[in-house]
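Numbering (mature numbering (1 follows the signal peptide of the UniProt record, and there is no 0)), first residue to last: -23 to -1, 1 to 144.
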């Protein structure tokens, strides 16, 4: 695809947002972005609220980006963002907010998954403990059975001896 990888870092996106929208620093400080620049460009191009001339410039930037350095691509994105101002920045900000929500949901899901794994481990430990106890019980039963057999043999022997003594 296009060579727009790791160009629009978290910091550069924050700079774009704070430059064009004058966003509150508390909103922009903790933004986490996991998309690279080409994904963002593709999303922006698909966005219906962006004017056709802005989309044309995005396409041109994608084509030109194959021969540009990362710094040049980032500078072009800054220029594009400044040129199309608040509408484009509002869309970018929405995408950032959606990304933040996705990260929060992912974090919640991971916490739940860890909790489920811990419970499964506890169940597995209980099953292992139960299996060990069952093995110990089986050994005790076998020992008890052999003792009972010896007692029966002893009782039979004693009975025979008593009968022999009576006769």
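Backbone N, C-alpha and C define an ideal beta-carbon position, used for all residues, glycine too.
Computed from a predicted structure; not experimentally measured.
DSSP state of residue i mapped onto helix, strand, coil
{"i": "residue 78", "result": "helix"}
{"i": "residue 144", "result": "coil"}
{"i": "residue 139", "result": "helix"}
{"i": "residue 120", "result": "helix"}
{"i": "residue 46", "result": "coil"}
{"i": "residue 125", "result": "helix"}
Distance, residue j Cα to residue i Cα
{"i": "residue 144", "j": "residue 113", "result": "46 Å"}
{"i": "residue 54", "j": "residue 95", "result": "45 Å"}
{"i": "residue 86", "j": "residue 116", "result": "45 Å"}
{"i": "residue 142", "j": "residue 135", "result": "10 Å"}
{"i": "residue 104", "j": "residue 89", "result": "22 Å"}
{"i": "residue 133", "j": "residue 102", "result": "46 Å"}
{"i": "residue 59", "j": "residue 52", "result": "11 Å"}
{"i": "residue 71", "j": "residue 44", "result": "30 Å"}
{"i": "residue 145", "j": "residue 98", "result": "No answer is possible for residue 145: it lies beyond the span of the chain, which begins at -23 and ends at 144."}
{"i": "residue 74", "j": "residue 100", "result": "39 Å"}
{"i": "residue 140", "j": "residue 107", "result": "48 Å"}
{"i": "residue 41", "j": "residue 67", "result": "25 Å"}
{"i": "residue 129", "j": "residue 93", "result": "53 Å"}
{"i": "residue 61", "j": "residue 31", "result": "7 Å"}
{"i": "residue 118", "j": "residue 138", "result": "30 Å"}
{"i": "residue 164", "j": "residue 57", "result": "Absent from the structure is residue 164, since the part of the chain shown begins at -23 and ends at 144."}
{"i": "residue 131", "j": "residue 91", "result": "59 Å"}
{"i": "residue 50", "j": "residue 82", "result": "31 Å"}
{"i": "residue 123", "j": "residue 110", "result": "20 Å"}
{"i": "residue 34", "j": "residue 76", "result": "24 Å"}
Heavy atom of the ligand NAP within 7 Å of residue i beta-carbon
{"i": "residue 123", "result": "No copy of the ligand NAP occurs in the structure displayed, which carries no ligand at all."}
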